[in-house]
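For the sequence shown, this note's numbering assigns the number 72 to the initial residue and increments by one for each residue that follows.
Cβ coordinates follow ideal geometry from the N, Cα and C atoms, glycine included.
In this text the structure is predicted, and so the values were computed from the model without any measurement.
Have a look at the structure below before the remarks.
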Amino acid sequence: MLTKSSTELVRQQNSALVLAALRRARNLSHTEISAATGLASATVSAITAELERAGVIAKAEQQVQGGRGRPRVLFTPRRDCGYVIVVRISSDVVQYSLTDYGGTLLDRFEESRNHDQRGTAAFARTFVDALERLLQRSRLTRDRVLAISISSKGLVDADTDAARLLWSPVFGSEQLDFAALLAPEWRARVMLNNETLLVAQALAAEAERAPEGGFRSLAAISLGHSIGLGVARKGRFGEIDVAAPNFGHMLHAPSAGLCRCGAYGCIEAAAGFYGILRAAFEVPPDTIPAKFVPIAEMDKIAASARQGHRMAGYAFRQAGIALGNGISRMLSLYERMPIYVTGPGTRYFDLLHGGLEEGVSQSLQLRLQGAAEISVVLDEQRLVFDGHLERALGVIDGEIATAG
Numbered sequence: 072m073l074t075k076s077s078t079e080l081v082r083q084q085n086s087a088l089v090l091a092a093l094r095r096a097r098n099l100s101h102t103e104i105s106a107a108t109g110l111a112s113a114t115v116s117a118i119t120a121e122l123e124r125a126g127v128i129a130k131a132e133q134q135v136q137g138g139r140g141r142p143r144v145l146f147t148p149r150r151d152c153g154y155v156i157v158v159r160i161s162s163d164v165v166q167y168s169l170t171d172y173g174g175t176l177l178d179r180f181e182e183s184r185n186h187d188q189r190g191t192a193a194f195a196r197t198f199v200d201a202l203e204r205l206l207q208r209s210r211l212t213r214d215r216v217l218a219i220s221i222s223s224k225g226l227v228d229a230d231t232d233a234a235r236l237l238w239s240p241v242f243g244s245e246q247l248d249f250a251a252l253l254a255p256e257w258r259a260r261v262m263l264n265n266e267t268l269l270v271a272q273a274l275a276a277e278a279e280r281a282p283e284g285g286f287r288s289l290a291a292i293s294l295g296h297s298i299g300l301g302v303a304r305k306g307r308f309g310e311i312d313v314a315a316p317n318f319g320h321m322l323h324a325p326s327a328g329l330c331r332c333g334a335y336g337c338i339e340a341a342a343g344f345y346g347i348l349r350a351a352f353e354v355p356p357d358t359i360p361a362k363f364v365p366i367a368e369m370d371k372i373a374a375s376a377r378q379g380h381r382m383a384g385y386a387f388r389q390a391g392i393a394l395g396n397g398i399s400r401m402l403s404l405y406e407r408m409p410i411y412v413t414g415p416g417t418r419y420f421d422l423l424h425g426g427l428e429e430g431v432s433q434s435l436q437l438r439l440q441g442a443a444e445i446s447v448v449l450d451e452q453r454l455v456f457d458g459h460l461e462r463a464l465g466v467i468d469g470e471i472a473t474a475g
């Protein structure tokens with residue numbers, strides 16, 4: 072027998088389902104909402120009436136083709152009922168974006184990171200100033216922002232209510248608590264996620280909505296200054312569970328050299344840009360890693376490798392082997408799944424591919440079940456942004472539904 076509390080929980084879950092369906096399709100009729108969510112017609116009627124009264128969704132009439140018959144009644148999210156700020160922190164720039172509740176991009180700007188600027192205190196000041204400037208440009212007040220979604224490479228506090236960066240290639244072991252930084256002036260929900268987790272989130276959402284369906288699991292690996300991993304799997308009740316194991320700092324081989332995390336032999340120490348540069352120029356493995364390697368410098372090493380330069384080719388092959396070994400271990404812990412390779416390092420995938428296949432082939436599981444499908448996805452920035460919106464707007468949907 073359903074108690075009052077369990078009935079309320081079901082109502083909240085159903086309301087969140089309706090909101091998510093409307094955001095993704097933008098305009099849906101009563102019948103289409105019912106089909107998209109699996110909810111009964113009476114339930115949809117009650118939820119849409121409640122959301123319309125709350126000012127979260129709007130109703131409009133669409134004339135049928137030919138002008139005959141009753142017009143279709145369509146429901147759509149009220150895009151101006153709130154806003155989301157998306158911040159992407161990378162090795163060279165910080166990108167600030169503003170979207171409405173419907174997920175439409177309204178404004179965006181980037182600021183170059185000052186690599187001579189040390190520590191989180193200086194960054195925190197520029198970060199807060201940039202958020203204020205983003206609002207001023209669109210003439211919004213802080214109370215109109217429902218969520219601030221931030222991403223970075225590195226290790227993020229696993230507590231979903233926290234927004235604490237524990238370690239990153241940008242700040243090292245100096246931690247940064249974004250929720251504490253913005254309180255109490257900002258009432259918005261502050262969220263922090265590993266960047267490659269968001270890539271996996273976006274890819275899983277795309278796979279889930281694909282006509283063929285059948286999504287079960289996938290992994291995204293980001294190649295660049297850092298090495299990131301995001302794993303998305305369908306949960307027991309059909310929900311998408313996403314995680315970001317600390318793949319780049321898994322042990323590969325001590326000979327890989329000193330990593331930016333301070334340990335020796337991490338996957339990133341061999342496969343990150345600084346690891347490839349170090350191997351190509353035969354720099355001693357205990358050399359302190361470069362904080363930032365320009366793409367132009369990597370392009371020169373890649374050009375040498377393609378021209379047959381032995382050490383340059385060796386550096387990329389060793390990077391591929393490190394990645395392949397890591398992937399084989401990851402798949403042994405999870406299951407065989409498609410692998411999507413993203414990030415600026417994809418421009419060198421032709422040089423990494425041979426070593427990567429060699430590394431992956433060490434897995435008994437893959438030798439028995441067949442090789443995992445590996446695809447290159449070039450537009451990582453779009454995927455990160457889409458992943459931000461999937462998670463942030465999903466949380467907002469839940470909070471609106473909870474508020475009733």
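In the DSSP output, what is residue i paired with across the bridge?
i      : result
Lys130 : Phe146
Arg260 : Ala218
Thr413 : Ser293
Ser446 : Tyr411
Ala236 : In the sequence as displayed, the identity of residue 236 is Leu instead of Ala. Answer is Val227, Leu247, bridged to Leu236.
Tyr154 : Asp171, Val216
Asn265 : Ser223
Return the CA-CA distance between residue i and residue j, expressed in angstroms with no decimal places.
i      : j      : result
Leu88  : Leu206 : 30 Å
Asp200 : Glu406 : 45 Å
Thr197 : Ser297 : 23 Å
Ile445 : Ile410 : 5 Å
Asp457 : Arg159 : 12 Å
Glu428 : Asp421 : 11 Å
Val466 : Phe146 : 21 Å
Ile392 : Leu423 : 8 Å
Met72  : Thr78  : Caution is warranted here: a pLDDT of 45 is assigned to Met72, below 50, making its placement in the model unreliable, and the coordinate value is therefore given only provisionally. For Met72 and Thr78, the distance between alpha carbons rounds to 10 Å.
Gly174 : Gly243 : 32 Å
Ser222 : Ala106 : 34 Å
Gln389 : Ile471 : 50 Å
Arg213 : His380 : 55 Å
Arg124 : Ile347 : 58 Å
Tyr419 : Ala195 : 34 Å
Ser162 : Leu122 : 41 Å
Ala474 : Met262 : 19 Å
Tell me the DSSP secondary structure of residue i in three-state form.
i      : result
Met72  : Legend: pLDDT at Met72 = 45, less than 50; position of this residue unreliable, value from coordinates given subsequently. Coil at Met72, not helix or strand.
Asn396 : helix
Ser77  : helix
Asp171 : strand
Asn98  : coil
Phe180 : strand
Ser403 : helix
Arg159 : strand
Gln207 : helix
Val115 : helix
Gln166 : strand
Requested in this report: May I have a chain-ordered list of the alpha helix (DSSP H) segments no shorter than 4 residues that lie completely inside the segment 280-348?
Outcome: 338-342
Using 8 Å as the Cβ pair cut-off and three pairs as the minimum, do the segment 263-275 and the segment 284-293 touch? yes
The segment 355-362 contacting the segment 315-331, beta-carbon criterion three pairs below 8 Å: yes
Item checked: Inter-stretch contact at 8 Å, needing at least 3 Cβ pairs: the segment 220-240 / the segment 248-255 -> yes
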